[in-house]
Amino acid sequence: MQITEIPHFIIHAGIFSQEDLEQLARIDRVPTDQEIDAFQFEPEVQELLNAFIGDETTRRTHQLLKAKEYLAHGELEKAWKMALL
Numbered sequence: 059m060q061i062t063e064i065p066h067f068i069i070h071a072g073i074f075s076q077e078d079l080e081q082l083a084r085i086d087r088v089p090t091d092q093e094i095d096a097f098q099f100e101p102e103v104q105e106l107l108n109a110f111i112g113d114e115t116t117r118r119t120h121q122l123l124k125a126k127e128y129l130a131h132g133e134l135e136k137a138w139k140m141a142l143l
């Protein structure tokens, strides 16, 4: 995948460094909608989503920050799922 193929909202969020974007671009395939949907029921994800009910902007920011954290730990697929949730 090319960096330019990463969704616009991820590239321009101001959260990911160029190195982060390069790491995201290394994925073999982006998770499917079904994989992303299943991911939202993970306890850690539920906790994050429930913490920002009613505040979409803050929730989105914290989702992307969590995705960046997953990247830092080498969890590329989880990072993608969190970013696309």
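With our numbering as the guide, the letters of the sequence shown map in order to residues 59 to 143. All C-beta atoms, glycine included, are put in the ideal place defined by N, C-alpha and C.
Residue i vs residue j beta-carbon contact at 8 angstroms
i: E93; j: K126; result: no
i: Q60; j: A96; result: no
i: A141; j: L122; result: yes
i: L106; j: H120; result: yes
From the options, residue whose alpha carbon lies closest to that of residue i
i: A71; options: E102, R84, R117; result: R117
i: H131; options: Q81, L143, Q98; result: Q81
i: L129; options: E100, H66, Q76; result: Q76
i: Q104; options: I64, T62, L143, E63; result: L143
i: E100; options: K136, E63, T62; result: K136
i: D86; options: I69, E63, F67; result: E63
Buried or exposed by the 16-neighbour rule on C-beta atoms within 10 Å, applied to residue i
i: I111; result: exposed
i: A146; result: There is no way to answer for residue 146, as the model of the chain reaches only from 59 to 143.
i: F67; result: exposed
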